[in-house]
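Numbering (UniProt numbering), first residue to last: 1 to 614. The beta carbon of each residue, even a glycine, is placed where N, CA and C say it ideally should be.
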DNA sequence: CGATACACTTAGCAGCGGAGGC
DNA sequence: GCCTCCGCTGCTAAGTGTATCG
């Protein structure tokens, strides 16, 4: 029934090996029948944490040992003939200044360099990095010439691409060696993959949207900036020769291995484990279990907030309307933000200019038009028909307010979350997003899956269900540069395939006619004739299959051009729903989860059978 | 009580490598 | 065998939410 169990098992093993960083040799015969997997060493498989007891509160691990982070490669000066120009003339720069100049030069063909804020911020920091003499000369950004440096880096990049196989292999091996040494840690006796074991290299800060700090220089991180977290009795990672860590601590109530403070925004950055790790997997599992608990009380919560639309207290009304938006539209909570960040909002931080009320719009009544920059400055635009009571409340909330005023002036995320905590243990605003996303996937799959369909058809159904979630969560992407072209190519291919089918059909008909010749003539030839027919018939079937697949691909790609499916798959959809769907519908899991996703969701593959329901 | 610090999840994008078409 | 293009992966910014501070 489940054809791919064997394949799935194999995948698990591969994933496990990947996680453990072991070498494995898989031998496959030509027929693919005798498949043996040999391990170099017998080591424990990945922790089956989902079969273990939960740990006492707050403590995240007992032992933790690692090698510390990998530092960014040190700066190498550009060749002497690659020069920075000022006012049309070459100008020799000190090492530090030159490095800063290369940050900008590398981005010369980027959109960022057309933005005034970016250029101003860069130039300000650029001047800070200069020697007094340089600062005396370089006073006007418009007189700076980065082109030669830019050309140099382009050429270097071309060179790298054109490198020989051997050179590339050497690079690859070096990388793997680094990964092997620094990419893993030992935690509670198990080897686990680290997520980001390299410190962020210096460069220019690339904020999203209209970020006031874009273009500022993100400085190089040294050992003296880095805090290390590891087990008390473990070997402390060694800093580069001649340097010391900022601090070494042994805090087992947190999950990070190293941290530093980034200079542009003053935020703490961390080195943490890969999503495949027990620590992350457990947390992920809990997240979905919380969302499932919400399912049990959601009717009551909805009834309550509808009731509260009528409350005497403005505070309660606002809370109830906000919660309705969060539930119905999957809006984010909307924490307050500082002035020195891009101006984006979520539910609680909506301002009056972000919503428009229409008694009637396009044949719908009581329409609220949302139009605001959300996370990552992605535009949220939605025309929503709402209950009359909500509409009336919004009119009330907006009374006597001007642009820039908060829509929900008696509400913030802390207040909202405190209220939610009363309704259900562990309930916060973001649980609604997880809940509605997973719930939507489940119901859409139920709706769209035809059990008798082919695998490609089922996959289209799955993608459409996934897409419904991505739309709900407003997971957008910019239309890929190559979209137009790739659609054309696909159409071309489809045309060609149709022609091939026509051709094949006519040939098939001819050969059918041939077999209808008088028996006597055919007797001797019957075997070859039949096989030729069979061959044609099979070819025709295959071509038709291919055509169908292409057509499905066309639909899928076009529907997907501005929608990103990955984010919801990775962060919002209970993977057990997908696993169960695959098992039930005989779709190989690798058709919907790539290798990374399978490693991250290994727990779900084990936990869910075909009857799992969210 | 509001501000700030901290920890951790969620997000889109760029660059790269390898599969698949010619 | 070469080239194109597409998906994967790494990167790091930008959110959420709780704890702690003053």
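Top-ranked residue by Cα proximity to residue i, from the options
i, options, result
"residue 417", "347, 375, 353", "347"
"residue 582", "413, 488, 456", "456"
"residue 345", "366, 592, 379, 329", "379"
"residue 579", "571, 354, 588", "588"
"residue 133", "125, 425, 93, 426", "93"
"residue 293", "423, 206, 187", "423"
"residue 440", "425, 502, 340, 568", "568"
"residue 79", "69, 98, 68", "98"
"residue 433", "106, 91, 327", "327"
"residue 250", "258, 243, 390", "258"
"residue 126", "103, 111, 335", "103"
"residue 471", "334, 330, 211", "330"
"residue 542", "570, 500, 566", "500"
"residue 334", "428, 284, 253, 242", "428"
"residue 231", "444, 252, 223, 239", "252"
Beta-carbon proximity list for residue i, same chain, < 6 angstroms, skipping 5 on both sides
i, result
"residue 260", "221, 225, 226, 269"
"residue 154", "none"
"residue 323", "305"
"residue 218", "202, 203, 205, 264"
"residue 85", "145"
"residue 574", "288, 438, 614"
"residue 384", "368"
"residue 148", "82, 83"
"residue 594", "none"
Residue burial classification, residue i (beta-carbon count within 10 angstroms, cutoff 16)
i, result
"residue 362", "exposed"
"residue 278", "buried"
"residue 156", "exposed"
"residue 193", "buried"
"residue 173", "exposed"
"residue 479", "exposed"
"residue 365", "exposed"
"residue 467", "buried"
"residue 437", "buried"
"residue 374", "buried"
"residue 458", "buried"
Simplified DSSP state of residue i, which is helix, strand or coil
i, result
"residue 50", "helix"
"residue 222", "coil"
"residue 213", "coil"
"residue 347", "coil"
"residue 38", "Reliability fails at residue 38, whose pLDDT of 38 lies under 50, so the model's placement of it is uncertain and the value that follows must be treated cautiously. In the structure shown, residue 38 sits in a strand (DSSP, three-state: E or B)."
"residue 22", "For residue 22, the predicted structure reports a pLDDT of 31, less than 50, and the residue's modelled location is therefore unreliable. A value from the coordinates is still provided. Residue 22 falls in the coil class under three-state DSSP."
"residue 265", "coil"
"residue 563", "strand"
"residue 420", "helix"
"residue 65", "strand"
"residue 331", "coil"
"residue 9", "With a pLDDT of only 35 at residue 9, under the threshold of 50, the placement of this residue in the model should not be trusted, and no figure is reported."
"residue 364", "strand"
"residue 388", "helix"
"residue 96", "helix"
"residue 610", "coil"
"residue 427", "coil"
"residue 295", "helix"
"residue 77", "coil"
Identified DSSP bridge partners for residue i
i, result
"residue 382", "370"
"residue 258", "228, 271"
"residue 84", "91"
"residue 356", "369"
"residue 339", "Paired residues: none, contrary to the question."
"residue 190", "187"
"residue 144", "86"
"residue 476", "563"
Neighbourhood of residue i by C-beta, 8 angstroms cutoff - its chain only, sequence neighbours within 5 removed
i, result
"residue 119", "113, 141, 215"
"residue 32", "Bear in mind that a pLDDT of 34 at residue 32, under 50, signals an unreliable position, so the number given afterwards is only what the model happens to contain. No residues qualify anywhere along the chain."
"residue 189", "63"
"residue 494", "547, 550, 551, 554"
"residue 70", "178, 182, 197, 198, 199"
Cβ shell of residue i (< 7 angstroms), same chain only, five flanking positions each side left out
i, result
"residue 410", "314, 315, 318"
"residue 562", "476, 477, 479"
"residue 576", "604, 607, 608, 612"
"residue 234", "63, 64, 65"
"residue 525", "Residue placement at residue 525 cannot be trusted, given a pLDDT of 41 that sits under 50; what the coordinates show is reported in the next sentence. Same-chain partners within the cutoff: there are none."
"residue 386", "366, 368"
"residue 2", "Legend: pLDDT at residue 2 = 38, less than 50; position of this residue unreliable, value from coordinates given subsequently. Result list for residue 2: 583, 586, in chain order."
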